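Novice:
Protein chains in written order, with the working numbering: chain W, 1330 to 1685; chain V, 1330 to 1685; chain S, 1330 to 1685; chain Y, 1330 to 1685.
(1) Who are the neighbours of residue 1475 (chain V) on chain W, taking C-beta pairs under 8 Å?
(2) Quick one: give me the first and last residue of the alpha helix (DSSP H) that residue 1639 (chain S) is part of.
(3) Can you check whether the C-beta of residue 1590 (chain Y) is within less than 7 Å of a C-beta belonging to chain V?
(4) Going along the chain, which residues of the region 1351 to 1373 of chain V sit with their C-beta nearer than 9 Å to a C-beta in chain S?
(5) Could you tell me whether the Cβ of residue 1553 (chain V) comes closer than 7 Å to any Cβ of chain W?
(6) Considering only the alpha carbon of each residue, which of V:1376, V:1524, V:1377, V:1465 lies closest to residue 1664 (chain V)?
(7) On a CA-only basis, which of V:1672, V:1592, V:1453 is nearest residue 1477 (chain V)? Give me that one, please.
(8) Output, in chain order, the set of chain S residues within a Cβ distance shorter than 7 Å of residue 1515 (chain Y).
(9) Specify the secondary structure class of residue 1551 (chain W) as computed by DSSP and reduced to three states.
(10) Anything in the region 1570 to 1586 of chain V with a Cβ closer than 7 Å to a Cβ of chain W? List those residues in chain order, please.
(11) List, in order along the chain, the chain S residues whose C-beta lies closer than 8 Å to that of residue 1538 (chain Y)?
(12) Check each residue of the region 1388 to 1418 of chain V: if its Cβ is closer than 7 Å to any Cβ of chain S, include it; give the result in chain order.
(13) Say yes only if the C-beta of residue 1371 (chain S) is nearer than 6 Å to one or more non-hydrogen atoms of the ligand ATP, and no if none qualify.
(14) At the level of alpha carbons, what is the spacing between residue 1551 (chain W) and residue 1659 (chain W)?
(15) Is the region 1576 to 1593 of chain Y in contact with the region 1489 to 1499 of chain Y, if contact means three or more CB pairs nearer than 8 Å?
(16) Using a Cβ cut-off of 7 Å (strictly closer), state whether residue 1561 (chain V) contacts chain W.
(17) Just the Cα atoms here: how many angstroms apart are residue 1345 (chain W) and residue 1365 (chain W)?
(18) Against chain V, does residue 1612 (chain S) count as a neighbour if the rule is that its beta carbon must be under 7 Å from one of theirs?
(19) What first and last residue would you give for the alpha helix (DSSP H) that runs through residue 1659 (chain V)?
(20) To the nearest angstrom, how far is the alpha carbon of residue 1496 (chain W) from that of residue 1562 (chain W)?
(21) Based on Cα-Cα distance, which residue from W:1460, W:1511, W:1521, W:1505 lies nearest to residue 1499 (chain W)?
(22) If distances are taken between C-alpha atoms only, which option among S:1377, S:1602, S:1439, S:1572 comes closest to residue 1626 (chain S)?
(23) Whole angstroms are fine: how far does the CA of residue 1411 (chain W) sit from the CA of residue 1653 (chain W)?
(24) Contact criterion: CB-CB distance below 7 Å. Does residue 1478 (chain W) meet it with respect to chain S?
(25) Between which two residues does the alpha helix (DSSP H) carrying residue 1436 (chain Y) extend?
(26) Helix, strand or coil, according to DSSP, for residue 1683 (chain W) in the structure here?
(27) Does the beta carbon of residue 1684 (chain S) sit closer than 7 Å to a beta carbon anywhere in chain Y?
(28) Could you tell me the distance, in whole angstroms, from the CA atom of residue 1684 (chain Y) to the CA atom of residue 1463 (chain Y)?
(29) Tell me, please, which residues DSSP counts as bridged to residue 1632 (chain S).
(30) Taking the alpha carbon of residue 1370 (chain V) as the point to measure from, which residue in V:1645, V:1677, V:1667 has its own alpha carbon closest?
(31) Based on the DSSP output, what are the partners of residue 1590 (chain V) in its beta bridges?
(32) In whole angstroms, what separates the C-alpha of residue 1416 (chain Y) from that of residue 1360 (chain Y)?
(33) Beta-carbon of residue 1317 (chain V) versus every beta-carbon of chain Y: anything under 7 Å?
(34) Near residue 1622 (chain V), which residues of its chain fall below 6 Å by C-beta distance, leaving aside the five closest residues on each side in sequence?
(35) If you follow the beta strand (DSSP E) that residue 1499 (chain V) is in, where does it begin and where does it stop?
(36) Which residue from S:1467, S:1425, S:1540 puts its Cα closest to that of residue 1437 (chain S)?
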């Protein structure tokens, strides 16, 4: 039987409580590269606090103790999964462990915040979604980019018609390393763009073509994904772990405006171009068609600078306390996993189109 | 029967003549966007001179007269094709006219300099090659980039082992327009990279996967090509006529060094990075493998600044006068046309792999 | 007595003629680095044509013949200065020759287009202005930058109040070479910014402080100018012939908006920032003063791309034909020469302030 | 009498102790913008630990408690200045308080680490230096930039002759804010470059010319400094609190090589250019002199990435423990203060040269 991890009163929070005094108690499993950010953003907030962190590495636990002296540390995740003092489990571990940990958390009545990609396959994701719904628990998949000022601003430009009918989304996301040992570059880097496209583009992709190559350990370290959407919208993602330079550039073409999002820029992340092309003239023959170009001003709107993960953590806590479904829930996570599975299948078959 | 276009003695040059006084007399068909550069670079050289230009547009011919008062102007290409005063025909017209014009030139005993892409299909290219060989005439396909200081320098880095074993070639070549009416963006922009890869990479591609989309006139205006090579080398080309910004960036990854070629930079077009990744450790399991990164100096070697087309024109004249086969001959042009045909076929089948 | 340089009718044009058939006949003295641009832009225009070019170098004259076969060439500038077939003399020679040539041209009844800087000292400029006025002739000093789309756009932002009260103009204009033998870097590069400031800033500078150093031939190759204006406006110019990189960047600070003009950019030469600082709070003590920052959108307005020199040439021809005084006339040239003289004096005295 | 701030044994460390177990106990006064970095870098090191922090603001003290739970907090600086448990006082307060606090620390037998600029005038600096020497205590002035990988690498290029004879150092250090209330932009931003020049250039400056202007609160918010050195070396610093963009670019010209240091770049902070100019030919007259340009490769050497302040803190601790004089000691701080005083004097007199 689980013992109490924390001193003090142990009122177990439930969705729907009054927001006033409610504090979601978070247990974080995994304190590697991303874990510290998760702890920092859930900890000491108005309505959430991190009560325990679990990691197998003594070194990682020592880092927890140094930075967050008040938080309980353990190398046994069962302690967290079964503790009555924890309302929410954040799963910040390698992807192949997500399913097992999230399932245990849900079974123990805890909400789940899980790193992207959600699971290693769609069946796992579906099972977790079903389990959470049955137990009236929330799942949020950490697609952090959806909470950045840049992506939110681009979404506005889509929604308010600034860009006009969408033509394409073309992203380059390359750098040197960090090599993952258990997943290829698609599973590591593409979820960012897949989730952003899922968020920005109203329609859902119909098919995926993926090509790529592995040069070192058998796993693809360079890959190119094409996503076919209805209405001639096309998506393309270029991911690469062996690039000498870091590039985070997305071109988005619309009928009315075009946009460049360079996430490496400190200021001016988004540049909106009043540029375009129009076909004019009669349609008697292609040679008679006239193309007219429009090249006007460029505009770099100010982008909100608040840390995305802080907004995301706060949003999830709000969803739990007020029984709302987050937009980046398990279903959203599942859609991305399905695209990743399709990309993997296509990659293995050297570009064979995989219907979604 | 053809009448003489130029005054003065009409000694018809033949390959193998002494270089001393030999001057190749050039007739240029097409004076649109690129024609003026062709004229300028063949004209007034030590061993070549442009004697006539043909274009259907009176406006274009007026431009010839303004800039090159001594050159004969005509709207009838037959005049050039049959003139005994012309040794070399430069075909600077839309691609669907290349075959017919080049064939007529060869049949009339003239060498041929032809714009890229060589022809609209491989059969045409093969016929022209066979005809030229039978008549002991030279064909050069204008893959200008192969004569730039940048590409020549990169070739040196391949040849002398600086880059080490090649991993990938990944090029982004996008901008707003210029829309072509008769070809899609692949035939317009990809020949540059295809010919550069043909020049840089020792092995030949085995298969092509192409995806893309057309948003305006039915022809693809955005496309993504993947080329599979032996030994895990992979090539990728991103071409787009609807980009708000002009990008001309190629990443080349090698085992020893990595390279970024940004052709838009005035200086520092090539940056060579002493960066890389190595797999180390035992091979008992993928999780135990250690990746070590190397991130050292960057070096931007000085790149020759001579106009590429000037070097190319001079090289072709030299090939004719000394009976040498240019490396960018009809066979090189044919290889590129075969890749374009494969890309088109794959594009139509939404990424179906096409073996070369 | 001067002989006719050109065949055909020799009607000498005079200001005020009907614009219909009037053509200003231009003689260009000097065909070095900038001369070809002058010839190209005055030649073959609707209302101007270049009839003769003079240069001491046979090589330069050969270049004229190659590019402009119809233009008379000579090495004797007297031919041009006294020819009845020339209405306007363009003086495109080293600065120390401007006075003598312009004076001769004016004395012979010809309008004068003269390179910047106008003359080597203010007395010469004053004499030329007086002479031109007496003879009802026009002088234009070639401050080409005033006709660029960028400078005209900035002027609009000043005039329409976009920038608000002006705070500073701070320009960096550095590159490697070209070393001038007869003038220091201030006389070579600073006239650009001095004329732009003269054009943009309503008030005139009150004093100049200049510092700098010469490292090779005794003439300053690096220099820094500060211009004090009324109302706390300050100007600063950094010029340098020994910079490894070319920089052409001007910061302009205003109360309402700030601007960066990067003339090396192909597109987006001007970036307008909605940024600023405001002092608020009580004035009881400096420590209580609150500074509030405003950091909003950035906007890169489209800038006209027409060649500046073409507009300038056409404008001068229009001024002559319609008897209008160009804004970049001798008086404007004189103001710049006075600033250069003051800068030189200050430079020699290591920053001693020189009142204007 | 001071009470012990910390529990546990109170062995007071003295210079010359064996390094083995020695730990310098640090008290930090001031926990505003820079203080947290000071605490973080002195705390938990092998040979130093922060035992107490003092700040007048309860909010700041709360931040200390959150981040460093074990450190004693107080709003009374006397507690730190007189505590027997403190060996070293770090003065991280506004410049006008440096003298008083450092003096009290020294009088109480404590070493002093003090923010730049050292003091508000030279007399104060001289008194502190004399006091420290009399009491055998160390002073280090926090010129952090001297411990960056970039500055250390540039120093190597100076020392090993890579750059050749130095021609100029020209720095632009501009951004929006942060406005200081007690000092002008010269005292805020120029110490960085002044200390870097002091470190890089063997000779000392002979005179300073400064110009500038204040637009808001009477204090200069934009200023330009020229430093005259022996042997025609010249220095220039452009500082500005009202720039819409952040610039941190320094050009360094040498006889053999030239260098651009862009501190905003994440990688490739330093670019070394094999570029230069040589005067050749006879010396009969300036017009006959030939200038030859050399424009070769560019090289961006890898630059050490360790946090500069960490190295600086560790270096000061080592100096104390081993009785060594830091190169950035009080004398170095005094030299910078003298330059700042001279700059201020020149600024007030609109560029009047001030001899050093």
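Using N, Cα and C, we set each Cβ at its ideal position, and we do this for glycine too. Please read all numbers here as calculations on a predicted model, not as lab measurements.
Specialist: Put simply:
(1) What residue 1475 (chain V) touches in chain W: nothing, since even the nearest Cβ is about 24 Å away.
(2) 1637 to 1650 is the span of the alpha helix (DSSP H), which, as asked, contains residue 1639 (chain S).
(3) Interface annotation, residue 1590 (chain Y): not in contact with chain V, CB-CB separation never under 7 Å.
(4) Those residues of the region 1351 to 1373 of chain V that come within reach of chain S (Cβ to Cβ, closer than 9 Å) are 1373.
(5) Yes, because at least one Cβ of chain W sits closer than 7 Å to the Cβ of residue 1553 (chain V).
(6) Closest option to residue 1664 (chain V), Cα to Cα, is V:1524.
(7) The residue with the shortest Cα to Cα distance from residue 1477 (chain V) is V:1592.
(8) Within chain S, no residue comes near residue 1515 (chain Y); the closest Cβ sits about 14 Å away, beyond 7 Å.
(9) Here DSSP, grouped into helix, strand and coil, assigns residue 1551 (chain W) to strand.
(10) Residues of the region 1570 to 1586 of chain V whose Cβ lies closer than 7 Å to any Cβ of chain W, in chain order: 1571, 1572, 1573, 1574, 1580, 1582.
(11) Correct list: 1538, 1540, 1679, 1680.
(12) Answer in chain order: 1398.
(13) The ligand ATP is not among the ligands present in this structure, which contains no ligands whatsoever.
(14) Taking the straight line joining both Cα atoms gives about 28 Å.
(15) Taking 8 Å as the limit for Cβ pairs, the verdict is that the region 1489 to 1499 of chain Y does touch the region 1576 to 1593 of chain Y.
(16) Answer yes: the Cβ-Cβ gap between residue 1561 (chain V) and chain W drops below 7 Å somewhere.
(17) Unreliable placement is indicated for residue 1345 (chain W), whose pLDDT of 41 sits below 50; the coordinate value is still reported in the next sentence. If you take the alpha carbons of residue 1345 (chain W) and residue 1365 (chain W), they lie about 29 Å apart.
(18) No answer about residue 1612 (chain S) holds up, because its pLDDT of 47 lies below 50 and its placement is not dependable.
(19) Start and end: 1659 to 1677.
(20) Those two C-alpha atoms are separated by around 5 Å.
(21) Just measuring C-alpha positions, the residue of W:1460, W:1511, W:1521, W:1505 sitting nearest residue 1499 (chain W) is W:1521.
(22) Ranking the options by Cα distance to residue 1626 (chain S), first place goes to S:1602.
(23) It is roughly 25 Å from the alpha-carbon of residue 1653 (chain W) to the alpha-carbon of residue 1411 (chain W).
(24) Chain S, which has no Cβ nearer than 7 Å to the Cβ of residue 1478 (chain W), makes this no.
(25) Bounds of the alpha helix (DSSP H) holding residue 1436 (chain Y) are 1427 to 1436.
(26) Residue 1683 (chain W): strand per DSSP, three-state reduction.
(27) No - not a single Cβ of chain Y is within 7 Å of the one on residue 1684 (chain S).
(28) Rounded to the nearest angstrom, the gap between the Cα atoms of residue 1684 (chain Y) and residue 1463 (chain Y) is 30 Å.
(29) DSSP, once it has assigned bridges, lists no residue as partnering residue 1632 (chain S).
(30) Checking every option, the nearest Cα to that of residue 1370 (chain V) belongs to V:1645.
(31) Paired residues: V:1579, V:1599.
(32) Roughly 19 Å between the two C-alpha positions.
(33) Because chain V spans 1330 through 1685 in this model, residue 1317 (chain V) falls outside it and cannot be assessed.
(34) Taken in chain order, the residues that qualify are 1606.
(35) According to the DSSP assignment, residue 1499 (chain V) belongs to the beta strand (DSSP E) that extends over 1495 to 1505.
(36) Minimum Cα distance to residue 1437 (chain S) is reached at S:1467.
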